[in-house]
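The sequence shown begins at 585 in this note's numbering and counts up by one.
Here is the structure we will look at.
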Amino acid sequence: MTKIVFLDRETIGPDIVLTKPSAGHEWVEYPSTRPEEVAERLAGATIAVTNKVPIRRESLEKLPDLKFVTVAATGYDVIDVDACRERNVAVSNVRGYAENTVPDHAMALILALSRSLSGYRQDVIDGAWQKAGQFCFFNHPIFDLAGRKLGIIGEGVIGKGVAKRAEAFGMTVMFAAHKGVEGLGPLYTPFDEVIETADVITLHAPLTPKTRGVIAMPEFRRMKKKPLIVNTSRGGLVDEADLVQALEEGLIAGFGFDVLTREPPAPENPLLKVLNRPNVIVTPHVAWASNEAQSEVWRQVVESIDRFVAGDPVRRVV
């Protein structure tokens, strides 16, 4: 009987019902798995399910029975794809599940920051409204989105989803040309122009050697409009130390991040030092995690297993 092992069940919310594959199988799951536990836990398994647990060459060399790895995410950098290819281990991922949930989260951050919701909410909690002599007070800036320029770095499905939502609020949308690249056509705005003229910049690009640190201090110093910076894509796209410095120097109006370079954050992460600022929002990598999106992730995982067993794999990356 096919043995299937899910290495990190806790990466899917407890409210999501995990249906099982159709073919006969033995199912084993663990809440989480440390890298050094991978080989032991996958011993005898034909199929592995992982979200963030790495499966590297040193583990694969100890797993002669493993034939298929299905990743419960779009990114598959946790898998040593070269080693899988050499050992004829197929790898599939999931795709397209976040086309609504991430744009919604990005717009929620933009709205919350533009209206200073965090700051005003805290003021009420602290009793500032109760002490005010007027029916309202003006501790934090508020600005309308209508007429503002939104710069989007990343022109995929999610970036386009944010553009659609932003246009509904009356924003002018600019898709940034790739940094240092010219001639991409009239649908793109030069990268430097986006940096210099956007009121809000939101990132929706993959993390590659070319995009790592795509926004750092040189870019912050050219931001004439002191924009809000929103990142619901990959933490390494923005230099975090430079981001905090830009905030402290008043080069940006604030930021909303759902992704960090290391997750959960290390104690020395500079963003942790400014979490109490009214113009800072950090959420724990949950932009992808609506109930609908998580259910779709799992549907695709089960589909990938059933199709592999049937000899007709889908969404293969190896």
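From the three backbone atoms N, C-alpha and C, an ideal C-beta is built for every residue, glycine too.
Computed from a predicted structure; not experimentally measured.
Item                                                                                                                       : Value
DSSP bridge partner residues for lysine 733 (one or two, in chain order)                                                   : Thr756
Inter-residue CB distance, valine 686 and tryptophan 882 (contact presumed, cutoff 8 Å)                                    : Not quite, the Cβ-Cβ distance comes to about 17 Å (not below 8 Å), so this is no contact.
Euclidean distance between Cα positions of glutamate 824 and glutamate 880                                                 : 32 Å
Environment of phenylalanine 892 [buried if 16+ CB atoms lie within 10 Å]                                                  : buried
Residues near phenylalanine 753 by beta carbon distance below 6 Å, same chain, minus five either side                      : Leu729
Stretch-stretch touch, CB-based, cutoff 8 Å, three pairs: the region 716–723 with the region 838–847                       : no
Neighbour-count burial assignment, arginine 732, 16 or more Cβ in a 10 Å radius                                            : buried
Reference lysine 604; option with closest CA among Val678, Ile588, Tyr614, Thr617                                          : Ile588
Leucine 859 burial status per 10 Å Cβ neighbour count (16 or more: buried)                                                 : exposed
Bridge-paired residues (DSSP) for arginine 956                                                                             : Any question about residue 956 goes unanswered here, given that the chain covers just 585 to 902.
Cβ neighbour criterion (16 or more within 10 Å) applied to glycine 628                                                     : exposed
Closest residue to glutamate 777 among Pro770, Ala761, Ala789 (Cα-Cα distance)                                             : Ala761
Limits of the alpha helix (DSSP H) - the one that alanine 690 falls within                                                 : 685–698
Reference isoleucine 726; option with closest CA among Arg699, Gly735, Val864                                              : Arg699
Minimum length 3: unbroken beta strand (DSSP E) runs contained in the region 823–879                                       : 838–841, 864–866
Nearest neighbour of isoleucine 779, chosen from His869, Arg671, Ile736 [CA to CA]                                         : Ile736
Candidates Lys810, His788, Gly764, Ile663: closest to lysine 794 by CA position                                            : Gly764
Same chain, Cβ closer than 7 Å to phenylalanine 804, neighbours up to 5 away in sequence not counted                       : Asp826, Ala830, Leu835, Ile836
For arginine 900, the residue or residues it bridges with in DSSP                                                          : Ser676
Span separating the alpha-carbon of leucine 693 from that of aspartate 842                                                 : 9 Å
Exposed unless 16 or more other CB atoms sit within 10 angstroms - verdict on isoleucine 709                               : exposed
Residue burial classification, serine 606 (beta-carbon count within 10 angstroms, cutoff 16)                               : exposed
6 Å Cβ shell around glycine 743 - same chain, five flanking residues per side excluded                                     : Ile736, His788
Nearest candidate by alpha-carbon position, reference isoleucine 885, set Lys857, Val675, Arg749                           : With the sequence shown as reference, residue 885 is identified as valine, and isoleucine is not the correct amino acid for it. Checking every option, the nearest Cα to that of valine 885 belongs to Val675.
Residue span of the beta strand (DSSP E) that contains leucine 787, given as start and end                                 : 784–787
Close-in-space but distant-in-sequence residues of the same chain around methionine 585 (CB under 8 Å, 5 per side omitted) : Gly608, His609, Glu610
CB of glycine 745 within 8 Å of CB of glutamate 670, strictly                                                              : no
Backbone CA spacing between isoleucine 865 and leucine 812 [nearest angstrom]                                              : 11 Å
Where the alpha helix (DSSP H) through isoleucine 779 begins and ends                                                      : 775–781
Cβ-Cβ distance between leucine 644 and valine 673 below 8 Å                                                                : yes
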